[in-house]
Amino acid sequence: MRPYQVATAAAIVLIAAVAMFDSSAAFNPSAGTSPGDVGARWYPFWAAAIMAAAGLVVAYRALTTPQSAEGVFAGRTTLFAVLKLALPMLVYATLIGGVGWRTEETIYTVIPRLGFYVATALYMGGFAWWIGRYKIWWVALILVAFPLVIFVAFEVGFRVSLPKSVLYEQGILPF
Amino acid sequence: MEVFGQLAGGFATALQPINILMLFVAIVLGLVIGVLPGLGGTSGVAILLPISLFIKNGALPGSNEVTAIIFLAGIYWGALFGGVITSILFNIPGEPWAVVLLFDGFPLAKRLGRPGLALASSFVSSFVGAFVATVLFTFFALPIADKALQFGPAELFAVFVLSFATLIGLGAEAPMKSVAMLAFGLLLAAVGFDTITGEQRLNFGQVSLLSGIGFVPVTIGLFGIGEILASAEEQGIGYVEKLSARLGLQDVREAFVELWKRIRLVLSNSIIGFFFGVLPGHGATAASFLGYGLARQYSKNKENFGKGEISGIMGPQSAADAAGVASLVPMITLGIPGSPTSAVIMAGLFIWGLTPGPVLFIQHENFVWGLIASIYLGHLMTFVLCLLAVPLLAMIMRVPYAIITPFIIVISIIGSYSLNNSMLDVFITVIFGLVGYWLRKLKYPLAPLVVALVLGDSTERELRKALIAGHGSPLYFFNSPLSTVLMLTALVLVLLPLIRTLRARRRGAAVTPGPAGAAH
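Protein chains in written order, with the numbering used here: chain A, 2 to 176; chain B, 306 to 825.
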């Protein structure tokens, strides 16, 4: 447990240090600050300072007090169980928005923007197929039913506009 | 009594068909969320928070901000009751506050073969706890709010500091971890424009960060996604006990008889749970453990505890539900959340354009009393629903992992996107999901982070207003007796863990280790 505790505390100190650096103008409030006021950067500076100090104490205590020998994960299976959930989630979130960038002349697309509904169909269908090991027609049903129900509930019912796919812009799909 | 008139008005509001309907929907959702082991009440309310905005904006005919608060609070009530069902029937806590029910609830159901009695005892005592707390809420809310109206920036800042101090001093985890999380929350809240001078800060040149880091995407990530990831680990371990989930009339009658035998315990635990719940940051979970401890302490037959003792169900349940209701009291009257879940509900108020705090009682009297009346109605409804629908609710456990888990992630992503139509929020949710999972594993408390995030802006504003008023002198905080007392109490609370360690150390050094010394 010790290396994980120390690494996490170090990350906390690092985040705080970056924030302190950004707020290092704390001690000379900008012009136009009313008398008595400490300025915009004073408060985040001290919040970050407290955070850094607390992180250092946590790291120190993790180094000096006895820690359990086991790691964060109880064996490889639990690590895989979490990764099996976390990685598809990251892929899913990426697929909704797609990956690409634009310069002044052209738009480069690495992964096309699939939008919420298509990405959800792939995600839920894929999960049922891969983790649930369902028969293919069950997967197909999940793949169609969930996006459709969500479309009716949110787009029609609550009038929430969720991100649309590139196919929507070409008029191929209603979402 | 002025209160009764206002409460009657509240009932008139809460009994409008749309409000009753949404209360019912919310409670059913809350019960489902309570039953699902991967999803807690806080995450449930956070994920559905954006929907409350649409409700407030009149997406449903006749709905307004009262409907929205009734909806959010209803989810909490449902989850408070529902979390115990899986604890008792399957030995799997559906909510953190139902963990205590594993000690006696499950043995009563399994070893003594009385699942119906165990469930009925839990529901009956939950109901009493919630009812007592709601009555106290009704009579305490207005006086507290009246007092709070006279608070200046110094007093308000002192109240914020006090609530942070309770999170540090009375938290279950290492105090320095609480401090780190608290400061992290304050820092996150400071990103974007400064509310007083309008300067940009902590946005590192990114325009998208100017409006700040939203409470909702962070909370959905920390709680919704974080919890789901944590529960993924247990998928291999979990096996579901098959117990009959039927709840007969005989069980309910017997539960009432058992309640009557323990009425003093249940009533006193409800009152203690209420005052415990009013303290910031300590919602139902801490109260449930306290309630169990008290029930055991004052029991004549301690040896029955852990084997299916009904006091071991009724004690924690009455305290937990009372604390759940009580956690709304400081939120409504002072603008300080009493628990992570009420922090999320408070964020809802901000999103709807309301300012939680004493002004609500003047400007939105209807809102406050409608909410209070709906707590009475909500618990009655939850109680009846629980008695009728346990077999149905227990069936939710059979929904396969491969469907329910991705579905919760999908709903979380809809929730975080739809508030601002922002993909950035979706990524914040996903990242904070991973962060929340990791922090949970390393035993960092998340409540201080969430409470600080929701209070960060107001804390800074009151601090700086006080400093401007005092011409930059921190002595301004000690001008009024009230703020002085609050500040000193906060100081004591922060020092509490330190005092505890020092005393333990001194005792360890002074007494030679041995059976005689250990007895002290």
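For glycine and all other residues, C-beta sits at the position ideal for the given N, C-alpha and C.
Nearest neighbour of residue i, chosen from the options [CA to CA]
| i | options | result |
| --- | --- | --- |
| Val-634(B) | Pro-786(B), Asn-396(B), Leu-447(B) | Leu-447(B) |
| Val-150(A) | Val-715(B), Val-799(B), Phe-737(B) | Val-715(B) |
| Gln-668(B) | Ala-450(B), Ser-644(B), Asn-784(B) | Ala-450(B) |
| Tyr-749(B) | Ala-600(B), Lys-452(B), Leu-487(B), Phe-444(B) | Leu-487(B) |
| Leu-768(B) | Ile-13(A), Phe-147(A), Pro-45(A) | Pro-45(A) |
| Leu-615(B) | Gly-510(B), Val-350(B), Leu-570(B) | Note on residue identity: the sequence assigns Ile, not Leu, to residue 615(B). When only C-alpha atoms are compared, the closest one is Leu-570(B). |
| Ala-461(B) | Val-755(B), Ala-535(B), Thr-638(B), Leu-747(B) | Per the sequence presented here, residue 461(B) reads as Leu, with Ala not at that position. Looking at the Cα atoms, Thr-638(B) is the closest of the given residues. |
| Ala-438(B) | Ser-623(B), Ser-348(B), Ala-384(B), Ile-325(B) | Ser-623(B) |
| Ser-573(B) | Leu-595(B), Thr-710(B), Lys-415(B) | Leu-595(B) |
| Ala-495(B) | Asp-38(A), Trp-47(A), Gly-56(A), Thr-78(A) | Trp-47(A) |
| Gly-388(B) | Gln-321(B), Leu-424(B), Leu-413(B) | Leu-424(B) |
| Ala-479(B) | Ala-12(A), Ile-16(A), Thr-66(A) | Thr-66(A) |
| Ser-778(B) | Ala-12(A), Val-39(A), Tyr-5(A), Glu-156(A) | Val-39(A) |
CB contact below 7 Å: residue i versus chain B
| i | result |
| --- | --- |
| Arg-42(A) | yes |
| Ile-137(A) | no |
| Met-90(A) | yes |
| Ile-112(A) | no |
| Phe-159(A) | yes |
| Gly-1(A) | There is simply no residue 1(A) to check, as chain A begins at 2 and stops at 176 in what is shown. |
| Val-153(A) | no |
| Leu-86(A) | yes |
| Met-21(A) | no |
| Thr-129(A) | Correcting the residue type first, residue 129(A) is Ala in the shown sequence and not Thr. So yes, Ala-129(A) belongs to the interface. |
| Lys-165(A) | no |
| Ile-13(A) | yes |
| Pro-45(A) | yes |
| Gly-101(A) | no |
| Thr-140(A) | First, the residue type needs correcting, since residue 140(A) is Val and not Thr in the sequence shown. No, no contact with chain B. |
| Thr-121(A) | yes |
Beta-carbon spacing of residue i, residue j below 7 Å
| i | j | result |
| --- | --- | --- |
| Ala-694(B) | Leu-491(B) | no |
| Ala-435(B) | Val-630(B) | yes |
| Leu-406(B) | Ser-392(B) | yes |
| Gly-613(B) | Leu-417(B) | yes |
| Phe-666(B) | Leu-441(B) | no |
| Ala-771(B) | Tyr-781(B) | yes |
| Glu-502(B) | Ala-41(A) | The sequence shown places Thr at residue 502(B), not Glu. Going by C-beta atoms, Thr-502(B) is nearer than 7 Å to Ala-41(A). |
| Leu-336(B) | Ile-713(B) | no |
| Thr-590(B) | Trp-402(B) | yes |
| Ser-468(B) | Pro-585(B) | yes |
| Thr-646(B) | Gly-346(B) | yes |
| Tyr-93(A) | Ala-54(A) | no |
| Val-649(B) | Thr-806(B) | no |
| Gly-683(B) | Ala-628(B) | no |
| Ile-360(B) | Phe-386(B) | no |
| Ser-536(B) | Pro-342(B) | yes |
| Gly-126(A) | Ile-112(A) | no |
| Gly-640(B) | Gly-662(B) | yes |
| Gly-399(B) | Gly-339(B) | yes |
| Val-731(B) | Ser-717(B) | no |
| Ala-625(B) | Ser-575(B) | no |
| Ile-97(A) | Phe-74(A) | no |
| Val-849(B) | Ile-473(B) | Because residue 849(B) is not part of the residues shown, which for chain B are 306 to 825, the question remains open. |
8 Å contact criterion, which residue i and residue j should meet: CB distance rounded
| i | j | result |
| --- | --- | --- |
| Phe-561(B) | Val-689(B) | That pair is no contact at about 14 Å. |
| Phe-610(B) | Asp-409(B) | 7 Å |
| Leu-353(B) | Leu-334(B) | 7 Å |
| Met-792(B) | Val-466(B) | 6 Å |
Residue i at chain C interface by Cβ criterion, 7 Å
| i | result |
| --- | --- |
| Tyr-124(A) | The structure shown contains no chain C; the protein chains it does contain are A and B. |
Neighbour flag for residue i against chain A, beta carbons, 7 Å
| i | result |
| --- | --- |
| Glu-767(B) | no |
| Gly-543(B) | With a pLDDT of 43 at Gly-543(B), under the threshold of 50, the modelled position of that residue is not reliable, and the figure given next carries that caveat. Judged by the 7 Å Cβ criterion, Gly-543(B) is not in contact with chain A. |
| Gly-720(B) | no |
| Ile-773(B) | yes |
| Glu-460(B) | no |
| Val-731(B) | yes |
| Gly-777(B) | yes |
The ligand GDP heavy atom lying under 6 Å from the CB of residue i
| i | result |
| --- | --- |
| Arg-419(B) | The ligand GDP is not among the ligands present in this structure, which contains no ligands whatsoever. |
>> Below 8 Å, how does it come out for the segment 447-466 of chain B and the segment 784-797 of chain B: are there three or more Cβ pairs, yes or no?
In response: Yes, the segment 447-466 of chain B is in contact with the segment 784-797 of chain B.
> Does the segment 668-675 of chain B come within contact of the segment 308-315 of chain B, defined as at least 3 CB pairs closer than 8 Å?
Replying inline: These segments touch.
> Counting pairs of beta carbons, one from the segment 54-70 of chain A and one from the segment 697-707 of chain B, are three or more of them closer than 8 Å?
Replying inline: no
> Hey, is the segment 67-84 of chain A in contact with the segment 141-159 of chain A, meaning 3+ C-beta pairs nearer than 8 Å?
Replying inline: no
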